[in-house]
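Data first, discussion second: the structure below is written as structure tokens.
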Amino acid sequence: MNELETALNLLIFIFPAYAANAAPVIFGNRGPVMDFKKKLWGKRVLGDGKTFIGFFAGLACGIVSGVAISFLSTEYYPVFLPFLNTKEKIVVGLLLSLGALTGDLAGSFIKRRLGIERGQPSFLMDQLPFLFMALFFTLFYKPHIGQWIGFWGFVFLVAATFILHKATNVIAYRLRLKKVPW
Ligand code: CTP
Ligand code: MG
Numbered sequence: 208m209n210e211l212e213t214a215l216n217l218l219i220f221i222f223p224a225y226a227a228n229a230a231p232v233i234f235g236n237r238g239p240v241m242d243f244k245k246k247l248w249g250k251r252v253l254g255d256g257k258t259f260i261g262f263f264a265g266l267a268c269g270i271v272s273g274v275a276i277s278f279l280s281t282e283y284y285p286v287f288l289p290f291l292n293t294k295e296k297i298v299v300g301l302l303l304s305l306g307a308l309t310g311d312l313a314g315s316f317i318k319r320r321l322g323i324e325r326g327q328p329s330f331l332m333d334q335l336p337f338l339f340m341a342l343f344f345t346l347f348y349k350p351h352i353g354q355w356i357g358f359w360g361f362v363f364l365v366a367a368t369f370i371l372h373k374a375t376n377v378i379a380y381r382l383r384l385k386k387v388p389w
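Going left to right, the sequence shown walks through residues 208 to 389 as the working numbering numbers them.
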């Protein structure tokens with residue numbers, strides 16, 4: 208397998224986590240907030256940016272993309288996670304989505320504890336918790352995926368996540384989906 212194919216495999220793999228992270232920007236920002244406006248140590252537990260509708264819309268989009276990737280890859284692109292069957296790939300997609308959304312909540316929780324207001328950028332907390340938690344949930348289910356990703360694959364995923372997070376946020380800002388370009 209060449210580098211380009213490896214990179215493509217990794218991007219297909221992580222896609223459900225990206226979908227789960229991005230969908231709330233489009234479908235969320237409405238309905239009750241997940242911390243019920245409660246405070247901890249004088250600051251909101253999570254803040255107004257974390258809604259139930261956003262969470263479940265993210266979960267739905269992540270799962271739907273994971274199911275599509277699972278069936279399509281088994282049929283047309285068998286070099287993608289070749290040691291997993293379609294059903295296992297669907298579970299991976301689900302865990303990537305759930306992990307991404309849980310990690311996103313953890314990131315907001317930490318931001319609030321550090322005194323960073325909702326929507327203010329945080330160089331590490333905006334990108335890493337959702338990626339790490341998505342990987343953690345998935346590796347817990349299939350540790351072998353860790354070997355399949357490998358050290359440089361992991362470095363690639365971190366770098367790709369930073370770049371894509373930046374790019375998609377600027378696009379979402381231009382499309383007026385977000386008030387700030389981060
Ligand atoms: N969103 C949502 N529900 C979620 C996650 C996100 O409704 N569970 C929506 C909110 O409108 C949020 C937007 O997606 O403002 C962007 O998400 P994110 O950048 O994670 O939230 P921020 O508003 O930047 O808040 P924080 O500082 O807590 O990260
Ligand atoms: Mg943000």
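Built from N, CA and C at the ideal position, the CB exists for glycine as well.
All values derive from a computational prediction rather than experimental measurement.
{"query": "Inter-residue CB distance, N216 and F337 (contact presumed, cutoff 8 Å)", "result": "Actually they do not touch by this definition, with Cβ atoms about 20 Å apart."}
{"query": "Inter-residue spacing [alpha-carbon to alpha-carbon] between I233 and F347", "result": "30 Å"}
{"query": "Short Cβ contact (9 Å threshold) for T309 with M340", "result": "yes"}
{"query": "In DSSP terms, what R251 is bridged to", "result": "K246"}
{"query": "Contact set for I260: own chain, Cβ-Cβ below 7 Å, skip 5 residues either direction", "result": "F234, G235, R237 and G238"}
{"query": "Collapsed DSSP secondary structure at V387 in the structure displayed", "result": "coil"}
{"query": "Spatially closest choice to L253 from V365, K349, Y284 and G326, by CA coordinates", "result": "G326"}
{"query": "Classification of I378 by the beta-carbon crowding that lies within 10 angstroms, buried from 16 upward", "result": "exposed"}
{"query": "Inter-residue spacing [alpha-carbon to alpha-carbon] between F263 and G256", "result": "14 Å"}
{"query": "Coil, strand or helix - V286 by DSSP", "result": "coil"}
{"query": "Pocket of the ligand MG defined by Cβ to heavy atom distance under 7 Å", "result": "G256, G326, P328, D333 and W389"}
{"query": "Sub-9 Å separation of N376 and K385 beta-carbons", "result": "yes"}
{"query": "Near the ligand CTP: S390 beta-carbon under 8 Å from a heavy atom", "result": "Nothing can be reported for residue 390: it is not among the residues displayed for the chain, which extend from 208 to 389."}
{"query": "Close-in-space but distant-in-sequence residues of the same chain around S280 (CB under 8 Å, 5 per side omitted)", "result": "I219, F287, L288 and K296"}
{"query": "Beta-bridge partners of V240, as assigned by DSSP", "result": "T258"}
{"query": "Sub-9 Å separation of P223 and V298 beta-carbons", "result": "no"}
{"query": "V232 beta carbon near the ligand CTP (any heavy atom closer than 8 Å)", "result": "yes"}
{"query": "Own chain, CB closer than 8 Å to K373, minus 5 neighbours either side, in chain order", "result": "W389"}
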